[in-house]
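If you read the sequence shown in this note's numbering, its first letter stands for residue 8, the second for the next number, and so on. Where is the CB? At the ideal position from N, CA and C, for every residue including glycine. Encoded as C-alpha cells, the structure appears first; notes follow it.
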Amino acid sequence: SSDGFYSTWQRADAISQAQYSIDVSPLIMKSLENFTELDYFLPKMDQVAVPDFSAGAMENWGLVTYR
Numbered sequence: 008s009s010d011g012f013y014s015t016w017q018r019a020d021a022i023s024q025a026q027y028s029i030d031v032s033p034l035i036m037k038s039l040e041n042f043t044e045l046d047y048f049l050p051k052m053d054q055v056a057v058p059d060f061s062a063g064a065m066e067n068w069g070l071v072t073y074r
C-alpha cells in the first residue's frame, strides 16, 4: 500500500492479481477491528500468495499466506 502498512508478495507472473488484495485488505481489517472492538497493533501486515499452498490459507502474526 502507499502507506507501507500492507505488503502483498507474489510471483512475478501474478502481479496483476495482487491489486484485489491491496484493495480489500484495509476494508477487511477495519471490519475485523469494528467487530472485535480491538485495534490491530502490529506495525504492518504482509500477505504472501503461495501457489499450491497445501493448507489453503494460514494466519500468523503480521503475515497471511494463501493460495
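(1) Check for me: the beta strand (DSSP E) holding Q54 runs from which residue to which?
(2) Output the distance between the C-alpha atoms of Y47 and D53, rounded to the nearest integer angstrom.
(3) Decide if T15 is buried, meaning its Cβ has at least 16 other Cβ atoms within 10 Å, or exposed.
(4) Does DSSP put S8 in a helix, a strand or coil?
(5) Have a look at A56 and V71 and give me their C-alpha separation to the nearest angstrom.
(6) Grab the span of the alpha helix (DSSP H) containing L49 for me, first residue to last.
The relevant details are as follows:
(1) M52 to A56
(2) 13 Å
(3) buried
(4) Here the model assigns S8 a pLDDT of 49, short of 50, so the residue's position is not dependable, and the following value carries that caveat. It is coil, neither helix nor strand.
(5) 9 Å
(6) Careful: L49 lies outside any alpha helix (DSSP H) and carries neither H nor E.
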